[in-house]
Amino acid sequence: MKGFIVALFLVLVWPAFAIGPDEMLEDPALEARAREIGKELRCLVCQNQSIDDSDAELARDLRVLIRERLKRGDTNAEAIAFVVARYGDYVLLRPPVKPSTYLLWLGPLLILLAGGFGLGLYLRRRKQAALEVQALSPEEERRIQNILDRHR
Amino acid sequence: MRAKFFLPLVLFAGLVAVFLFGLRLDPSRVPSPLLDRPVPAFALPDLEGGEDGLKTADFLGGPTLVNFFASWCLPCLVEHPLLLRLGHEGRVRIFGVAYKDKPEDTARWLAERGNPYDRIGVDRTGRAAIEWGVYGVPESYLVDGEGRIRWKHVGVLTPEVWEEDFLPRLEGVGK
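Those protein sequences? They're chains A and B, same order as listed.
Numbering that gives the first Met the number 0 applies: residue 0 is where the first sequence begins, and numbers increase by one.
Numbering that gives the first Met the number 0 applies: residue 0 is where the second sequence begins, and numbers increase by one.
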């Protein structure tokens with residue numbers, strides 16, 4: 000029974016290890032760099048996962064390819080550039096800052112600023128409205144006079 | 000007062016327009032950075048394992064339709080009749096790259112269903128496909144006579160895609 004539970008547990012947690020032991024590099028420093036790169040690159044098959052997380056075959060191929068390039072002396076940037084040259088900026092999970100992505104990066108800030116500006120405007124107006132003493136209309140004037148007269 | 004009343008409505012309409020546009024985009028279609036660039040450097044063996052498969056230099060001398068396919072790929076089955084027809088029409092050379100497929104499976108598949116390809120390269124590891132920026136089969140490319148990639152289509156090649164996207168581009172590329 001215990002064995003069964005252990006086996007079940009292993010089966011259940013297995014998908015967490017997208018990277019097979021056979022893929023890993025012997026040099027822990029290189030392997031760590033490969034993991035770092037893998038987290039930066041989007042898997043094109045299951046698009047919201049990194050190739051580090053993905054079980055897709057293409058993700059595996061790219062992981063192996065990156066490890067090969069690191070072993071041959073590529074820097075992290077060179078290995079990433081190799082993949083970007085073939086699949087475009089889209090493979091980068093953190094899009095680069097450049098004219099075509101300014102709106103993407105600055106959009107949230109712009110929305111925050113616009114919201115803050117609108118709120119400030121609204122609050123100022125409300126305060127002003129509260130401060131303004133409204134003159135009584137002739138009708139109100141007459142009613143008050145009536146009340147005063149009655150209680151004299 | 001009027002303008003203020005309509006402002007939220009206008010903003011809402013703008014958002015609706017943006018979202019509608021976004022819905023019509025296909026997120027599975029990734030633009031290729033290889034467009035208008037030369038065919039990548041690669042060399043693949045043929046189905047018998049000989050050297051006469053497919054390599055970069057084979058693309059010179061005329062426009063080519065390159066089709067990445069596999070015998071295990073169901074959508075490839077769907078587009079296969081169209082490729083066969085195009086092969087008979089002979090308007091363009093068709094090169095095939097068998098992606099991650101056993102050569103004997105590819106050969107059997109083609110023997111059973113017909114072979115539309117003028118040349119076939121066998122890419123067992125998928126490395127050549129990565130050079131082309133392929134992320135799944137089927138994918139098709141139009142390469143001009145100077146060996147430059149001019150167009151990419153991800154997914155099944157349909158008669159509509161052929162008529163509306165491919166043919167006009169083929170005419171632009173020339174013979």
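All residues carry an ideal CB built from backbone N, CA and C; glycine is no exception.
Small disclaimer: the values here were computed from a predicted structure and weren't measured.
Taking the straight line between their C-alpha atoms, what separation do you get for leucine 118 of chain A and alanine 134 of chain A?
Distance between the alpha carbons of leucine 118 of chain A and alanine 134 of chain A: 28 angstroms.
Under 9 angstroms between beta-carbons, which chain B residues line up against glycine 87 of chain A? List them in chain order, please.
Val29, Pro30, Ser31, Pro32, Leu33 and Gly132
Give the interface partners of glycine 125 of chain B over in chain A, defined as CB-CB distance under 9 angstroms, in chain order.
Glu56, Leu57 and Asp60
Could you work out which residue in B:Arg118, B:Ala110, B:Glu111 and B:Ser139 is closest to glycine 52 of chain B when comparing CA atoms only?
B:Arg118
Would you kindly work out how many angstroms separate the C-alpha atoms of glutamate 77 of chain A and glutamate 25 of chain A, rounded to a whole number?
21 angstroms
By DSSP, does proline 14 of chain A sit in helix, in strand, or in coil?
Because the pLDDT of proline 14 of chain A is 49, which lies under 50, any placement of that residue in the model is unreliable, and the number read from its coordinates should be weighed accordingly. Note: proline 14 of chain A maps to helix in three-state DSSP.
Excluding the 5 residues flanking leucine 69 of chain A on each side, which residues of the same chain have their C-beta closer than 7 angstroms to its C-beta?
Leu29, Arg32, Ala33 and Ala78
Just the C-alpha distance for leucine 147 of chain A and glutamate 139 of chain A, rounded to the nearest angstrom, thanks.
Spanning the alpha carbons of leucine 147 of chain A and glutamate 139 of chain A requires a straight line of approximately 12 angstroms.
Ignore the nearest five residues each way along the sequence and tell me which others in valine 133 of chain B's own chain have a CB closer than 6 angstroms to its CB.
Phe67
Given this structure, state the Cα-to-Cα distance separating valine 17 of chain B from lysine 3 of chain B, to the nearest angstrom.
Spanning the two alpha carbons is a distance of roughly 22 angstroms.
Starting from the beta carbon of alanine 17 of chain A, find every residue of chain B whose beta carbon is closer than 7 angstroms, and list them in chain order.
Those do not exist, as alanine 17 of chain A stays about 17 angstroms from chain B at its closest Cβ, beyond 7 angstroms.
Check whether the Cβ atoms of arginine 62 of chain A and isoleucine 18 of chain A sit closer than 8 angstroms, and answer yes or no.
yes
What would DSSP say about serine 31 of chain B, mapped onto helix, strand or coil?
coil
Output, in chain order, the set of chain A residues within a Cβ distance shorter than 8 angstroms of isoleucine 148 of chain B.
Under the 8 angstroms cutoff, chain A gives no residues; its nearest Cβ is about 12 angstroms from isoleucine 148 of chain B.
Taking buried to mean at least 16 other C-beta atoms within 10 Å of its own C-beta, is tyrosine 101 of chain A buried or exposed?
exposed
Between which two residues does the beta strand (DSSP E) containing isoleucine 50 of chain A stretch?
Neither: isoleucine 50 of chain A is in no beta strand (DSSP E) and is coded neither H nor E.
The beta strand (DSSP E) that contains arginine 71 of chain A, what's its start and end?
For arginine 71 of chain A, there is no enclosing beta strand (DSSP E), as DSSP marks it with neither H nor E.
When you compare only the Cα positions, how much space is there between phenylalanine 41 of chain B and threonine 55 of chain B?
Using only the alpha carbons, I get a separation of about 6 angstroms.
Alpha carbon to alpha carbon, how far is phenylalanine 58 of chain B from valine 38 of chain B? Give it in angstroms, no decimals.
8 angstroms
In its own chain, which residues sit with a C-beta less than 8 angstroms from the C-beta of valine 160 of chain B, not counting the 5 before and 5 after it?
His152
Is it right to say tryptophan 131 of chain B is buried, meaning 16 or more other beta carbons lie within 10 angstroms of its own, or is it exposed?
Tryptophan 131 of chain B should be labelled buried.
If we count Cβ pairs, one from each stretch, closer than 8 angstroms, do we get three or more for the segment 68-79 of chain B versus the segment 106-116 of chain B?
yes
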